[in-house]
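Numbering that gives the first Met the number 0 numbers the first residue of the sequence shown as 0 and each following residue consecutively. Structure first, commentary second.
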Amino acid sequence: MILDEFPVLVDSSLQTDLLHGESFKDLEKQTNLILETLKKFFSKEDFYVGDNLKEINQHKLDAQIDGEDTLSFENALEYLNDLYIKNTIAFHNPNYVAHLNCPVVLPAMAAEIIASTVNTAIETWDQSTSATFIEQAVIRWISNEFKFPESSDGVFTSGGTQSNFMALLMARDHYAFENYGVNIKQHGWFEEVSKFRIFCSEKAHFSIKKNAALLGMGYDAVIPVKTDNKMRMDPNELVLAIEKVKQEGNIPVAVVATLGTTDYGSFDPLETISSIAKDYKMWLHADGAYGGCFVLTDTHKSYFEKINSVDSITIDFHKTMFQPVCCSAYLAKNKQHFQYVSYYADYLNPIEDKDPERPNLIEKSIQTTRRFDALKVWFTLKTLGKETIGRYLERVHHLATSVYNKIKDDAHFEVAHQPELSTIVFRYKALGVRENKVHDRVNMYIKNTLFKQGRTSVASTKLDGNIYLKFTLLNPNNTEENLFEILKMIQQKGEQYKTNN
Ligand SMILES: *Cc1c(COP(=O)(O)O)cnc(C)c1O
């Protein structure tokens, strides 16, 4: 249909509903109302109001939308408060110790407001101008922390999963090009790729397998390598696994070393793995989604001595640099390798327009439209500095160690490992009970009832097929007293289960 006349707009919608100079005062007013509402969220005692199936079902109904019935801003905000804000999980609350969610630092929040309000899209120079240099500068800064050379480069991503995807893609395409002269980006799949194998520890993040599948290589292309008693990849096992793969006629292409496993915070031994990868001419990727920012600490700096021997690095600022989601980066030691993802689109970044003084970041990204997430890190560094972040991380590590010391000799608990970063995996052990099946049930009961009652959120994971509980400590505002209090709740729930069953 072709409209012959201008469509009629509701009232003066163009003046009041779109953000521009005239309507900015409305944004100010609305922002104040939003802050009032959020203030209540940030002042409440509990991390969660608790789980009530009747209310959950009501929320499901209240969330439905038809796009026709509308409310005033004030009423919609109140509606949203009842539906979502009041009922959601407060990561800054010290009783939230479940997953890798951090409280955020104020300057990051300020930067988030700026980036969202201006709405910069970072992918091409003509959309982002100097914002481009801010992202580049943050990439340079973190690359320097890892002692990556000037010839390295990086790009912000949506998270560790996407960063790991880029690593596997580069590893695959680089191997194919170097060894077979095949340009996968241009010509796609070829026979040998079905034999490509990627090695990572059995405790590595699931995104390695998932990404291998997304890359068309399948879960089976990923070979899990056994870990030692500290949950680190055993280099001898790595060599055995590589040799086995070769004997089977398959092709070892890449190794992923995890710097801080999601469950245990364990660091794979980089130096040894690096020389193995070199011997077999494999790509070495370091997954530092969780542990990467610990390079800023005094306590863990030494773990990173050999980090510049790797080909690529994943780092999640939204986990361990106290940044709002999303905020993550992928670094490659040789910037030439970004050619495996670059594309020159006529409408966006024609190759004729390539200008080193005015770069287009899209040439390094697998995304097109992309948020200006780098600003958060830049503003944090500019105002707080990296030392503050280092101290926060040292503090959460210390908290994990305190919990470990508290329960390691307590007969009611069994700890799985000594904390390397800021997680601790353990389980409650009902005295006199020997069957793991029973322990599984008790620990699931503890986790689920404490969550549903809104008292504390603890994670769970499996070790050797058995259920364990996990603290992920990323809140520097937490205290030993509070964590010991959570341990008490766990023990009480465990005892309650016994008397009820
Ligand atoms: C969290 C995590 C990831 C995935 O990162 P997202 O930002 O959640 O996509 C990858 N690797 C490790 C080791 C992680 O802990």
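Yeah, the Cβ is synthetic: ideal placement off N, Cα and C, and Gly gets one too. Only a predicted model underlies this, so the values are computations on that prediction, with no experimental measurement involved.
Alpha-carbon spacing of residue i relative to residue j, whole angstroms
i, j, result
"V238", "F205", "22 angstroms"
"Y218", "I272", "22 angstroms"
"V441", "K405", "21 angstroms"
"G66", "F72", "15 angstroms"
"N51", "K461", "27 angstroms"
"H336", "E236", "29 angstroms"
"L295", "E54", "44 angstroms"
"F90", "N100", "6 angstroms"
"L13", "F5", "13 angstroms"
"G453", "Q490", "17 angstroms"
"F378", "T123", "21 angstroms"
"V48", "I84", "10 angstroms"
"I350", "K332", "24 angstroms"
"F303", "H58", "46 angstroms"
"T155", "K381", "The sequence shown places Phe at residue 155, rather than the Thr named in the question. About 18 angstroms."
"M0", "Q135", "45 angstroms"
"K353", "E362", "10 angstroms"
"L34", "D81", "15 angstroms"
"S200", "R231", "7 angstroms"
"A429", "E480", "23 angstroms"
"E27", "D3", "37 angstroms"
Of the residues the options, the one placed nearest residue i, counting alpha carbons only
i, options, result
"T368", "Q14, K24 and L347", "L347"
"L269", "K280, V309 and V252", "V309"
"A288", "M281, S274, F321 and F412", "F321"
"F371", "P223, I112, D152 and E201", "I112"
"M488", "G464, N465 and T448", "T448"
"N210", "Q29, P475, M165 and G180", "M165"
"S274", "I306, K245 and K243", "I306"
"A458", "M216, V424 and H438", "V424"
"V137", "A415, L482, F450 and C326", "C326"
"T400", "A203, M232, G264 and E177", "G264"
"F46", "G493, I88 and D345", "I88"
"I466", "L472, T455, V414 and K353", "V414"
"T257", "L37, V244 and A285", "A285"
"T128", "F412, V402 and R357", "R357"
"N160", "F132, S150 and A203", "The amino acid at residue 160 is misidentified as Asn; the sequence shows Thr. Answer by Cα proximity: A203."
"F266", "Y403, K277, D233 and N249", "D233"
"S150", "S311, I388, M443 and L472", "S311"
"T260", "L105, E144 and T471", "T471"
"K39", "D61, N86 and S22", "N86"
Residue i classed as buried or exposed, judged by whether at least 16 other C-beta atoms fall within 10 angstroms
i, result
"H19", "exposed"
"Q63", "exposed"
"D152", "buried"
"I197", "buried"
"Y496", "buried"
"T478", "exposed"
"G290", "buried"
"H317", "buried"
"T69", "exposed"
"T15", "exposed"
"E419", "buried"
Cβ-heavy atom distance, residue i to ligand 1, below 7 angstroms
i, result
"H416", "no"
"K208", "no"
"N265", "First, the amino acid is wrong: residue 265 is Ser here, not Asn. Every heavy atom of ligand 1 is 7 angstroms or more from the Cβ of S265, so no."
"Y302", "no"
"T257", "yes"
"N100", "no"
"T319", "no"
"Y218", "no"
"Y289", "yes"
"D286", "yes"
"T261", "yes"
"E327", "Note on identity: in this sequence residue 327 is Ser, with Glu being the wrong assignment. Yes, since a heavy atom of ligand 1 falls inside the 7 angstroms radius drawn around the Cβ of S327."
"T160", "yes"
"D372", "no"
"H204", "yes"
"D315", "yes"
"N359", "no"
"N163", "yes"
Any chain B beta carbon closer than 8 angstroms to residue i
i, result
"E27", "Absent from the structure: chain B. Only one protein chain is present."
Considering only residues of the segment 392 to 476, which uninterrupted beta strand (DSSP E) runs meet the minimum length of 3 residues and lie entirely inside it, listed in chain order? 412 to 414, 422 to 427, 456 to 462 and 465 to 471
Going along the chain, which unbroken runs of the alpha helix (DSSP H) with 4 or more residues stay wholly within the segment 296 to 371? Within the segment 296 to 371, the alpha helix (DSSP H) runs of at least 4 residues that lie entirely inside it are, in chain order, 316 to 319.
For the segment 180 to 266, which segments carrying the beta strand (DSSP E) assignment without a break, of at least 3 residues, lie completely within its bounds, in sequence order? 195 to 200, 221 to 224 and 250 to 257
Taking only runs of the alpha helix (DSSP H) that begin and end inside the segment 91 to 115, which ones reach a length of at least 4 residues, in chain order? none
Could you give the uninterrupted runs of the alpha helix (DSSP H) lying entirely in the segment 121 to 179, keeping only those of 4 residues or more? 124 to 127, 130 to 144 and 159 to 179
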